[in-house]
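Line order of the protein sequences matches chains A and B.
The first sequence: position 32 = 37 (this note's numbering), numbered continuously.
The second sequence: position 169 = 174 (this note's numbering), numbered continuously.
This report concerns only the one structure given below.
Protein chains: 2
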Amino acid sequence: MENEEVILEKLKKLIKTKKIKELRDFLDSVNEADFPTIFENLNQEQIVMVYRLLSKERAAEVFVELESEDQEKLINCLTDKEINNVMNEIYMDDAVDLIEEMPSNVVKRILANTKPEDRKIINELLKYPDDTAGTIMTTEFMDFKENMTVKDAFERIKQKGLKSETIYNCYVLSIDRKLLGVVDIKSLLVAETDEIVKDIMDTNVIKVQTLQDQEEVTKIFDKYDLVAVPVVDKENRLVGIVTIDDAIDVLQEETSEDFKKMAAINPAKDSYLKTSVFEHAKNRIVWLLVLMISAMLTGGIIEKFESAISALPVLVAFIPMLMGTGGNSGSQSSTLIIRGLATDEISTKDIFKVMWKEFRVALLVGIVLAFVNAIRVMIQYNDIQIAFTVSATLICTVILAKQLGCILPICAKKLKLDPAVMASPLLTTIVDTVSVLLFFTISTAVFNL
Amino acid sequence: MENEEVILEKLKKLIKTKKIKELRDFLDSVNEADFPTIFENLNQEQIVMVYRLLSKERAAEVFVELESEDQEKLINCLTDKEINNVMNEIYMDDAVDLIEEMPSNVVKRILANTKPEDRKIINELLKYPDDTAGTIMTTEFMDFKENMTVKDAFERIKQKGLKSETIYNCYVLSIDRKLLGVVDIKSLLVAETDEIVKDIMDTNVIKVQTLQDQEEVTKIFDKYDLVAVPVVDKENRLVGIVTIDDAIDVLQEETSEDFKKMAAINPAKDSYLKTSVFEHAKNRIVWLLVLMISAMLTGGIIEKFESAISALPVLVAFIPMLMGTGGNSGSQSSTLIIRGLATDEISTKDIFKVMWKEFRVALLVGIVLAFVNAIRVMIQYNDIQIAFTVSATLICTVILAKQLGCILPICAKKLKLDPAVMASPLLTTIVDTVSVLLFFTISTAVFNL
Numbered sequence: 006m007e008n009e010e011v012i013l014e015k016l017k018k019l020i021k022t023k024k025i026k027e028l029r030d031f032l033d034s035v036n037e038a039d040f041p042t043i044f045e046n047l048n049q050e051q052i053v054m055v056y057r058l059l060s061k062e063r064a065a066e067v068f069v070e071l072e073s074e075d076q077e078k079l080i081n082c083l084t085d086k087e088i089n090n091v092m093n094e095i096y097m098d099d100a101v102d103l104i105e106e107m108p109s110n111v112v113k114r115i116l117a118n119t120k121p122e123d124r125k126i127i128n129e130l131l132k133y134p135d136d137t138a139g140t141i142m143t144t145e146f147m148d149f150k151e152n153m154t155v156k157d158a159f160e161r162i163k164q165k166g167l168k169s170e171t172i173y174n175c176y177v178l179s180i181d182r183k184l185l186g187v188v189d190i191k192s193l194l195v196a197e198t199d200e201i202v203k204d205i206m207d208t209n210v211i212k213v214q215t216l217q218d219q220e221e222v223t224k225i226f227d228k229y230d231l232v233a234v235p236v237v238d239k240e241n242r243l244v245g246i247v248t249i250d251d252a253i254d255v256l257q258e259e260t261s262e263d264f265k266k267m268a269a270i271n272p273a274k275d276s277y278l279k280t281s282v283f284e285h286a287k288n289r290i291v292w293l294l295v296l297m298i299s300a301m302l303t304g305g306i307i308e309k310f311e312s313a314i315s316a317l318p319v320l321v322a323f324i325p326m327l328m329g330t331g332g333n334s335g336s337q338s339s340t341l342i343i344r345g346l347a348t349d350e351i352s353t354k355d356i357f358k359v360m361w362k363e364f365r366v367a368l369l370v371g372i373v374l375a376f377v378n379a380i381r382v383m384i385q386y387n388d389i390q391i392a393f394t395v396s397a398t399l400i401c402t403v404i405l406a407k408q409l410g411c412i413l414p415i416c417a418k419k420l421k422l423d424p425a426v427m428a429s430p431l432l433t434t435i436v437d438t439v440s441v442l443l444f445f446t447i448s449t450a451v452f453n454l
Numbered sequence: 006m007e008n009e010e011v012i013l014e015k016l017k018k019l020i021k022t023k024k025i026k027e028l029r030d031f032l033d034s035v036n037e038a039d040f041p042t043i044f045e046n047l048n049q050e051q052i053v054m055v056y057r058l059l060s061k062e063r064a065a066e067v068f069v070e071l072e073s074e075d076q077e078k079l080i081n082c083l084t085d086k087e088i089n090n091v092m093n094e095i096y097m098d099d100a101v102d103l104i105e106e107m108p109s110n111v112v113k114r115i116l117a118n119t120k121p122e123d124r125k126i127i128n129e130l131l132k133y134p135d136d137t138a139g140t141i142m143t144t145e146f147m148d149f150k151e152n153m154t155v156k157d158a159f160e161r162i163k164q165k166g167l168k169s170e171t172i173y174n175c176y177v178l179s180i181d182r183k184l185l186g187v188v189d190i191k192s193l194l195v196a197e198t199d200e201i202v203k204d205i206m207d208t209n210v211i212k213v214q215t216l217q218d219q220e221e222v223t224k225i226f227d228k229y230d231l232v233a234v235p236v237v238d239k240e241n242r243l244v245g246i247v248t249i250d251d252a253i254d255v256l257q258e259e260t261s262e263d264f265k266k267m268a269a270i271n272p273a274k275d276s277y278l279k280t281s282v283f284e285h286a287k288n289r290i291v292w293l294l295v296l297m298i299s300a301m302l303t304g305g306i307i308e309k310f311e312s313a314i315s316a317l318p319v320l321v322a323f324i325p326m327l328m329g330t331g332g333n334s335g336s337q338s339s340t341l342i343i344r345g346l347a348t349d350e351i352s353t354k355d356i357f358k359v360m361w362k363e364f365r366v367a368l369l370v371g372i373v374l375a376f377v378n379a380i381r382v383m384i385q386y387n388d389i390q391i392a393f394t395v396s397a398t399l400i401c402t403v404i405l406a407k408q409l410g411c412i413l414p415i416c417a418k419k420l421k422l423d424p425a426v427m428a429s430p431l432l433t434t435i436v437d438t439v440s441v442l443l444f445f446t447i448s449t450a451v452f453n454l
């Protein structure tokens with residue numbers, strides 16, 4: 006981010022020389038989204054000074070962009086009047102996010118400086134269960150009555166527009182606030198001023214319910230190419246909207262969670278650097294323990310074949326290769342399937358199609374690997390029996406790993422479990438055990454051990 | 006998708022009864038994004054029939070939503086006039102996508118039915134290198150001259166608005182088409198009609214260059230919460246815009262690529278089900294071969310310690326557990342770091358911070374695992390030397406795996422390589438080798454083998 010470094014340098018120079026007028030002008034030219042990085046590189050005193058030079062609206066916008074710990078620090082330095090200003094200017098969904106992150110003494114101070122009517126809305130929003138549309142929606146949307154003319158509509162936008170998070174889509178409501186239709190700003194602009202809103206609205210509204218899962222909401226955005234989606238309650242009354250920026254945040258968050266689950270980590274909400282060492286350890290230890298204990302099973306199997314190993318110690322040298330290849334083959338399949346399920350490319354009813362495809366892929370891949378392996382064994386040991394045993398195990402392991410790699414995630418999804426948990430680590434441990442068992446079973450048969 | 010099933014059932018009934026009027030009304034109520042699934046479930050004849058009942062604009066919108074193979078099938082059934090209609094109605098970026106996917110005989114027919122001026126733009130767009138802003142941008146944007154009044158601006162939107170992919174952001178250009186500023190439709194709507202566009206535009210425009218990487222473009226959307234970003238050439242002339250829906254598609258695509266690379270798969274552009282068995286095998290075999298051959302190294306190390314194994318065969322039983330735990334510990338770290346790098350949560354300059362954090366996490370996790378393992382060994386074998394050897398190896402392996410798990414991806418990024426390639430599979434293979442080496446080195450020392 007070279008850009009940010011240039012901004013930072015110029016800013017520090019202006020702060021040093023105390024040219025307030027120039028500093029204010031310069032701050033006006035900086036994008037809100039660049040402030041978190043700027044604040045990270047200033048001391049407390051400089052932060053408060055810079056913050057107080059911002060205009061009322063900008064101050065609130067910048068505040069929303071900050072990391073929660075910087076917000077907390079800043080709140081502790083601000084006067085009640087300044088907090089009041091922030092709370093008046095920010096959108097309701099941001100206010101809720103803020104309150105959820107702050108310690109209780111700070112929350113008290115924030116709520117004391119919020120208008121009673123806003124406080125009511127915030128409390129309403131805080132009630133929705135985690136990860137639902139209700140928690141990510143905002144209550145500031147543009148609504149029209151069905152009998153308004155286009156001219157009336159423009160008048161309303163002029164009055165209320167700056168207080169709405171988006172005016173790209175406006176919602177037409179009945180008297181009891183039921184959602185009748187949506188008007189895109191484009192169709193409003195190309196309409197004649199005396200047309201009635203009801204006549205230009207689109208009644209096929211794509212909408213979500215307050216309790217719908219946030220991941221489903223992001224899928225709707227992606228599928229229908231929306232910039233905002235209305236959120237209705239059970240009686241089809243409009244209670245809020247979700248905007249695309251929040252949907253993207255959810256999408257990124259859910260993807261990060263999938264990555265973590267697939268690497269055997271319990272997902273944490275905080276970013277990597279913000280999470281404490283203890284928290285990191287806690288999120289990782291459970292799966293590591295489970296997988297370690299499962300891996301002992303594989304060890305137990307090897308012990309059972311101790312006599313075979315004593316008779317032919319060279320067999321042991323192939324175990325890492327067989328386990329590794331099995332694990333890698335399996336995680337290739339499981340990753341593709343889990344990602345396919347997450348993006349709706351694959352659905353649970355495709356299970357047999359997928360299994361058949363994976364079987365053929367595994368056969369092809371397995372044969373190539375077995376062939377290369379056989380050549381290597383012949384060169385190194387010149388023993389056709391070993392070559393056969395290892396290559397046969399390899400093919401069986403690859404097929405088995407790839408079948409499990411597609412069956413486990415799809416079944417998990419079918420059982421309404423999270424497919425991502427069925428990924429590499431768990432799969433690898435199962436495949437390890439089975440591959441070792443296969444190897445020694447084939448070996449004892451071939452060599453009559 | 007229960008919704009789609011309901012739609013499909015109703016549609017099939019209407020097709021059967023041949024109630025054209027009702028069918029047409031019903032089709033009007035279906036969202037464009039639902040048509041791909043509908044067409045998948047109709048035969049060729051029904052598809053063409055349904056398609057021809059759509060209005061001109063809708064037909065083009067529906068066409069754009071289809072999978073490329075369905076587009077190809079449909080084009081083969083359409084008359085030249087119908088193709089001409091599609092090409093007149095769709096946005097330029099969609100036209101380019103279409104042409105890139107079609108076989109050359111279809112491309113010829115499409116271009117023959119495109120207006121000469123559009124053909125020129127398409128050819129321009131086709132020239133941008135893969136994965137750059139130029140390939141995902143559209144050339145249909147709303148532009149204003151700096152001296153226009155707000156009233157003029159609205160007039161222009163009325164005339165040209167429906168031909169622009171978005172009017173949420175409008176761009177103010179100088180006479181030589183240099184980008185001077187951006188006007189959000191909101192500020193246009195709250196402005197007085199006699200104000201000059203120049204006075205209400207925002208001159209701090211967040212923009213990208215035609216040759217900028219598409220992944221960077223998506224990061225800009227995410228950071229600045231935009232719905233469209235202007236694309237300029239080297240002389241700051243506006244040549245196109247990228248809209249949020251295309252940015253999300255890129256984001257999803259790049260994430261899927263990361264998932265695949267982290268599972269040792271060469272990324273393919275097509276979806277899982279559309280990719281052929283042979284193609285799947287090809288994308289997976291290279292890494293599997295590389296990793297198999299590397300795993301043979303680990304086998305080689307085990308062979309070197311054959312005398313140690315003969316003296317104390319029980320040692321072999323711990324190999325899968327050590328390898329597995331090492332691999333899992335390492336991929337936990339590498340996954341967190343790779344994802345952190347992808348979302349800009351972590352930057353390469355954080356390397357020492359990250360290493361120190363991972364070291365402490367590894368120490369904590371390693372001690373817990375070693376403790377559990379020691380108890381288990383004491384119960385099963387009642388041999389303190391074995392318990393000590395295995396537990397010591399475990400702690401060293403976890404620390405080493407987690408250090409490599411953070412160093413490798415960050416170094417890859419620093420060297421401008423893809424961090425995702427440094428993930429689990431490659432890492433696991435390295436950790437496997439080292440853990441086995443460590444284990445036997447410690448064992449021979451402890452037991453004087």
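Every residue gets a Cβ at the ideal spot worked out from N, C-alpha and C, and that includes glycine.
Everything numeric in this text was worked out from a predicted model, so none of it was measured.
Cβ-Cβ distances below 6 Å link residue 316/B to 454 in the same chain, with the five nearest sequence neighbours on each side left out; the list follows chain order. In its chain, beyond the 5 residues on either side, 154, 155, 156, 159 have a beta carbon closer than 8 Å to the beta carbon of residue 198/B.
Listed in chain order, the beta strand (DSSP E) elements of length 3 or more contained wholly in the segment 193-255 of chain B are 233-237, 243-248. Residue environment: residue 406/B is assigned as buried (16 or more neighbouring CB atoms within 10 Å of its CB, all protein chains considered). In this structure, residue 425/A sits near residue 266/A, with a CB-CB distance shorter than 8 Å.
Look at residue 136/A here: in three-state DSSP terms it is coil, with no helix or strand label. Runs of the alpha helix (DSSP H) lying entirely within the segment 74-109 of chain A and spanning at least 4 residues, in chain order: 85-94, 97-106. Under the Cβ distance rule, residue 246/B does not count among the residues neighbouring chain A, no pair being separated by less than 8 Å. Close to residue 47/A, with beta-carbon spacing below 8 Å, lies no residue of chain B; the smallest spacing is near 18 Å. Secondary structure note for residue 310/A: it is in no beta strand (DSSP E), with a DSSP letter that is neither H nor E. Apart from sequence neighbours up to five positions away, the residues of its chain that approach residue 41/A with a beta-carbon distance below 8 Å are 70, 71, 72, 75, ordered along the chain.
Segment contact: the segment 368-379 of chain A against the segment 411-418 of chain A, fewer than three CB-CB distances shorter than 8 Å; contact not assigned. A residue is called buried once 16 or more other Cβ atoms fall within 10 Å of its Cβ, and residue 131/A, having fewer, is exposed.
Here DSSP, grouped into helix, strand and coil, assigns residue 148/A to strand. Around the beta carbon of residue 121/A, fewer than 16 other beta carbons lie within 10 angstroms, which makes this residue exposed. Taking CB atoms only, residue 414/B has no neighbour in chain A less than 8 Å away. The Cβ-Cβ distance between residue 430/B and residue 437/A does not fall below 8 Å. DSSP places residue 371/B inside the alpha helix (DSSP H), whose first and last residues are 356-386. Counting the other CB atoms within 10 Å of its CB gives residue 23/A a total below 16, which places it among the exposed residues.
Residue 128/B: member of the alpha helix (DSSP H) spanning 121-131, first to last residue.
Beta bridge pairing from DSSP links residue 18/B with no other residue. Residue-level contact by beta carbon fails for residue 204/A and chain B, as no gap is shorter than 8 Å. Judged by DSSP in its simplified three-state form, residue 288/A adopts helix. Residues of chain A with a Cβ closer than 9 Å to the Cβ of residue 319/B are, in chain order, 308, 311. At a cut-off of 8 Å between beta-carbon atoms, residue 257/B makes contact with chain A.
One alpha carbon belongs to residue 369/A, the other to residue 287/B, and they sit about 9 Å apart.
Here the C-alpha atom of residue 310/B lies approximately 7 Å from the C-alpha atom of residue 445/B. Apart from the 5 residues on each side of it in sequence, residue 222/B sits with its Cβ closer than 8 Å to the Cβ of 138, 141, 213, 234, 247, 252, 255 in its chain, given in chain order. Here residue 31/B has 15, 16, 19 as same chain residues with Cβ atoms under 8 Å from its own Cβ, once five neighbours each way along the sequence are excluded. If you ignore the 5 residues before and after residue 218/A, its C-beta comes within less than 7 Å of the C-beta of 136, 137, all in its own chain and listed in chain order. At a beta-carbon threshold of 8 Å, the residues of chain A lying near residue 350/B are 276, 277, 278, ordered along the chain.
Those residues of the segment 296-307 of chain B placed with their C-beta closer than 9 Å to a C-beta in chain A are 296, 297, 298, 299, 300, 301, 302, 303, 304, 305, 306, 307, ordered along the chain. Within the same chain, 288, 289, 292 come within 8 Å of residue 270/B by CB-CB distance, once the 5 residues on both sides are set aside. According to the DSSP assignment, residue 174/A belongs to the beta strand (DSSP E) that extends over 174-178.
Under the Cβ criterion (8 Å, minimum of three pairs), the segment 345-361 of chain A does not count as touching the segment 297-306 of chain B. At least one CB atom of chain B sits nearer than 8 Å to the CB of residue 229/A.
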